[in-house]
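Here the structure comes first, spelled out in structure tokens, and everything after it is commentary.
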Amino acid sequence: MKYSLLFLVVLFSFSSCHVYKDVEVKEILDVKILEFTNEGADCEVYVTVFNPNNYKITLTESHVDLFFEGKPLGHVQLTDQIVIPKLSQTTIMMKCIADKESLQAILGNVLALLFKTEYALEGKGYIKGKAMFISKNVPIEFSEKLSREDIGF
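Here it is in structure tokens:
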């Protein structure tokens, strides 16, 4: 009896891992450049995400690289733990730190950027989330078209 109960608990624990569905990035709502410094630029990225799971997920770490027009822009950082409610779509804010070299590579051809009406923003990496005492890396990959107004040009 004792062993069968232990077996059921272990079986349930492993089967519950398959119940998890990845959080989906729906769209990039806004990108705000907060300030330019000698080290680079600080910006905020507002993202709509959907949690299809029947439990809340707490985002604890971010390892996502951003690319602007195919060139590296910077890394996304979570300033605080973010909680995504169960079965919901919500907007989260993530901070992006763009280093000086990346900005110089992107802004090197300012004239070409000024004549474009849309810009490609891509992200690739993973975000670490925790739900029901289980941590998991959730792969993130998105591509979004931004207008001039979206980025303040």
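Take any residue in the sequence shown, count from 1 to its spot, add 774: that is its number in the numbering used here.
C-beta: ideal position from N, C-alpha, C; glycine also.
Being a predicted model, the structure only gives us computed values, none of them experimental.
- Per DSSP, Leu-861 is not a residue of any beta strand (DSSP E), being assigned neither H nor E.
- Secondary structure of Leu-887 (DSSP, three-state): helix.
- With a contact defined as Cβ atoms closer than 8 Å, Ala-905 and Lys-830 qualify at about 7 Å.
- Leu-833 places its beta carbon 8 Å or farther from that of Glu-818.
- The closest CA to that of Phe-810, considering only Ala-894, Glu-918, Leu-877 and Pro-913, is found on Leu-877.
- Counting the other CB atoms within 10 Å of its CB gives Ala-894 a total below 16, which places it among the exposed residues.
- Runs of the beta strand (DSSP E) lying entirely within the segment 885 to 922, each at least 3 residues long, are 892 to 905 and 908 to 921 in chain order.
- Counting C-beta atoms within 10 angstroms of its own C-beta, Phe-889 has fewer than 16 neighbours from the protein chains shown and is therefore classed as exposed.
- Ser-876 has no beta-bridge partner at all, per DSSP.
- Among the bridge pairs identified by DSSP, Gly-814 is matched with Asp-873.
- Beta-bridge partners assigned by DSSP to Pro-846: Phe-841.
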